[in-house]
Amino acid sequence: MFIQSFAFYPAYLSNVPSLHSKGLVRVLNVCNFIISYLFLRSQSIKLVTMLNARSHLSKKDENIMSSGMNSISLQDKENTPPSLNSTRILASRTARKIFDDAEPKKPVKSNADEPLLRDNPRRFVIFPIQYHDIWQMYKKAEASFWTAEEVDLSKDLQHWESLKDEEKYFVSHVLAFFAASDGIVNENLVERFSQEVQVTEARCFYGFQIAMENIHSEMYSLLIDTYIKDSAQRDYLFNAIETLPCVKRKADWALNWIGNKNAEFGERVVAFAAVEGIFFSGSFASIFWLKKRGLMPGLTFSNELISRDEGLHCDFACLMFKHLVNKPSEKTVSNLIKDAVAIEQEFLTVALPVKLIGMNCDMMKQYIEFVADRLMLELGFNKIYKVENPFDFMENISLEGKTNFFEKRVGEYQRMGVMSGATDNTFRLDADF
């Protein structure tokens, strides 16, 4: 304050007449300059000091805030700023998923580790045969070829009209499942197995299986078209995957295995062995039950042919499984089979109960478990349920392939010469008659 007030002192002196001398004015001007310089210098020092102090405080506060943020625990919800809440939740969920819920990822195996999937530049030529057992399975399928035109449905419509309403309901819904399921099997063969497997003999079987699945689907569609005269009802059954929840659940299970990019080839082989060996078994048995009652000759005959084909397809899946080097564990296979059994049991005892056609639901459950045990044995594992076949009429119908579902018809139906060896056909005039 003293320097500031003294700096303006010459203005007051200028009003005093006795002091108006040139020398004194000069002295006072010099003093005023010096005092002004000192005042400005002191103000500059204060400003620099203030800025340095603020800079130091800013760094200190920044360190304090940084250390404070580092010390914040994601569990201290009451001390967590609102902007950090979403980060805390995301981090918590991610941590649980990584460390608690998620199983360790399986190491990705190269196709070079699996002979069936290994790149094969000779896959375009059939001979020489490398896998004779797979080739024989293909020839067996070829020998059993048939077409939908060979099935006589002329008597079925009369039988259909004599069925009770609940029996018609059951049969039509089973046919709706079958009509869609063969297309799903083909989806897997076309999109996955035929592209993955590099063994020519197996590709031959898959190609023939695709053709037979198309015939099955045509046959089921023809049956629906024959029995159901109402166009709206036909459309409802033809779109069963979308319109019937019980069919949709089975279809979704199979489709999920087709789209599963993380599942190993061996797991998917078992899954579709379960589709053709378990998902079809109960429905096949229910139609054979109608045959036992002497009903629907066209339906039951086509069922004999189709069930024989599906048994062969299931056998082939088991054969492919035996050729695998990297097989899934017995626990993995067992869980997969149990899942399929539960879905099929619910389908035929709850959603579409077989009691509608006079069958026992508990016995049907047991039969499905019996079929699952047969499949486990074919895959080289132990039985799960250890139950007997409750249906005596199904004794000659096996998904093992040892009995071809309807042996008499299969023996008559086998294509001439397909499974036989070369013969010497020489014309002679001296033969004994």
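Numbering-wise, the working numbering comes out as the position in the sequence shown, counting from 1, plus 42. Cβ atoms here follow ideal geometry from the backbone N, Cα and C, with glycine treated the same way.
- The Cβ atoms of L231 and Y248 lie closer than 8 Å to each other.
- Two segments are said to touch when three or more pairs of C-beta atoms, one from each, lie closer than 8 Å; by this definition the region 312-327 touches the region 212-228.
- No Cβ-Cβ contact shorter than 8 Å links N304 with I329.
- H201 is positioned such that its CB atom lies closer than 8 Å to that of M338.
- The region 297-377 contains, as complete alpha helix (DSSP H) runs of 4+ residues, the segments 307-316, 323-334, 339-365 (chain order).
- When the beta-carbon positions are compared, E208 and N368 stay at least 8 Å from each other.
- For a cut-off of 8 Å, the C-beta gap from L378 to A313 is around 6 Å, short enough to register as a contact.
- Membership of I426 in any alpha helix (DSSP H) is not indicated, and neither H nor E is assigned to it by DSSP.
- Pairing P370 with G301 gives a Cβ-Cβ distance that is not under 8 Å.
- Setting aside the 5 residues that flank it on each side, K333 is surrounded in the same chain by T342, each with a C-beta closer than 7 Å to its C-beta; the list follows chain order.
- In the three-state DSSP reduction, E437 falls in the coil class, being neither helix nor strand.
- Apart from the 5 residues on each side of it in sequence, L394 sits with its Cβ closer than 8 Å to the Cβ of F212, H215, V216, C288 in its chain, given in chain order.
- Rounded to the nearest whole angstrom, the C-alpha separation of Y427 and E411 is 6 Å.
- Segment contact: the region 276-288 against the region 182-193, fewer than three CB-CB distances shorter than 8 Å; contact not assigned.
- Under a 10 Å Cβ-count criterion, N228 is classified as buried, with 16 or more other Cβ atoms of the shown protein chains found around its own Cβ.
- In the DSSP assignment, A253 falls within the alpha helix (DSSP H) that extends over 242-269.
- A distance of 8 Å or more separates the beta carbons of F423 and V392.
- Here F326 is not near E386, since their CB atoms are 8 Å or more apart.
- By the neighbour-count criterion, in which 16 or more other beta carbons inside 10 Å mark a residue as buried, H355 falls on the buried side.
- Short of 7 Å from the beta carbon of F358, and not among the five residues preceding or following it, lie these beta carbons of its own chain, in chain order: M179, F247.
- About 7 Å separates the Cβ atoms of T268 and D198, confirming a contact at the 8 Å cut-off.
- Nearest in C-alpha terms to L297, of all of L159, R234, I266, is R234.
- As the crow flies, the alpha-carbon of L390 is around 15 Å from that of F433.
- For A185, the enclosing alpha helix (DSSP H) covers residues 174-185.
- Beta-carbon to beta-carbon, W331 and I270 are separated by about 21 Å, too far to satisfy the 8 Å threshold.
- For the 8 Å CB-CB criterion, V396 and M406 form a contact.
- In this structure L264 is not in contact with A218, their Cβ atoms being roughly 13 Å apart against a cut-off of 8 Å.
- Sequence-distant Cβ neighbours of E372 in its own chain, meaning closer than 6 Å and more than five residues away, are F423.
- The criterion of a C-beta distance shorter than 8 Å is not satisfied by R291 and Q240.
- E260 sits away from L159, with the two beta carbons spaced by 8 Å or more.
- Sequence-distant Cβ neighbours of M254 in its own chain, meaning closer than 6 Å and more than five residues away, are D351.
- At the C-beta level, D175 and L361 come within 8 Å of one another.
- Our two residues, I168 and T242, have alpha carbons roughly 6 Å apart in a direct line.
- Counting along the chain, the unbroken alpha helix (DSSP H) around W202 starts and ends at 198-204.
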